[in-house]
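Undergrad: Residue numbering for the sequence shown follows my numbering, starting at 150 and increasing by one per position.
Ideal placement from N, C-alpha and C gives every residue a C-beta, glycine not left out.
Model, not experiment: these values are computed from the prediction.
Input: one structure, supplied below.
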Amino acid sequence: MSETNCPLCGSQSFYVKDAEDEYEIYEFDLKGGEIVFTPEAGTSELPEVGGDTETFCNRCAWHGNLKSLRR
Ligand SMILES: [Zn+2]
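So, in structure tokens, the structure goes:
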């Protein structure tokens with residue numbers, strides 16, 4: 150069991166951008182290292198999020214690969 154937090158602010162709230170539309174974002178929380186999309190993200194077209202997916206913190210300027218969050 151590992152907690153996954155933003156290395157800068159400790160937030161567990163992140164988002165990823167749509168690969169084809171950078172203005173389309175999908176917010177999710179990392180709960181116990183698991184990706185839990187917020188209800189607002191919808192259920193129809195959720196993106197593939199893997200270790201190499203560029204991930205942005207919801208609360209600060211941090212961004213990087215999702216796998217760099219997992220310790
Ligand atoms: Zn942050």
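#1: Would you list, in sequence order, the uninterrupted beta strand (DSSP E) runs of no fewer than 3 residues that lie entirely inside the segment 155-185?
#2: Please confirm whether any heavy atom of ligand 1 lies closer than 6 angstroms to the CB of LEU157.
#3: Thinking just about the alpha-carbon of each residue, which of GLU152, GLU197 and SER162 is nearest to the one in GLY181?
#4: Flag ARG219 as yes when its Cβ comes closer than 6 angstroms to any non-hydrogen atom of ligand 1, and as no otherwise.
#5: Spatial neighbours of VAL198 within its chain, please: CB distance less than 7 angstroms, with the 5 preceding and 5 following residues excluded, ordered by chain position.
#6: Which residues in the same chain as LEU179 place their Cβ atom closer than 6 angstroms to its Cβ, once the five residues preceding and following it in sequence are excluded?
#7: Can you give me the Cβ contacts of ILE174 inside the same chain, cut-off strictly under 6 angstroms, excluding the 5 residues immediately before and after it?
TA: The structure says:
#1: Entirely contained in the segment 155-185, the beta strand (DSSP E) runs reaching 3 residues are, in chain order, 162-166 and 174-180.
#2: Taking the sequence shown and counting its residues from 1, one reaches residue 157 at position 8. Because some heavy atom of ligand 1 lies under 6 angstroms away, the Cβ of LEU157 counts as near it: yes.
#3: Translated into positions along the sequence shown, residue 181 becomes position 32. Of GLU152, GLU197 and SER162, the residue nearest in Cα terms is GLU152.
#4: As a working note, residue 219 is residue 70 in the sequence shown. ARG219 Cβ: outside cutoff for every heavy atom of ligand 1.
#5: If you number the sequence shown from 1, residue 198 lands on position 49. These residues qualify, in order along the chain: VAL165, ILE184 and LEU215.
#6: Taking the sequence shown and counting its residues from 1, the one referred to as residue 179 is at position 30. So the list reads THR153 and GLN161, once near-sequence residues are dropped.
#7: Position 25 of the sequence shown, counted from the first residue, corresponds to residue 174. The answer, listed in chain order, is TYR164 and LYS166.
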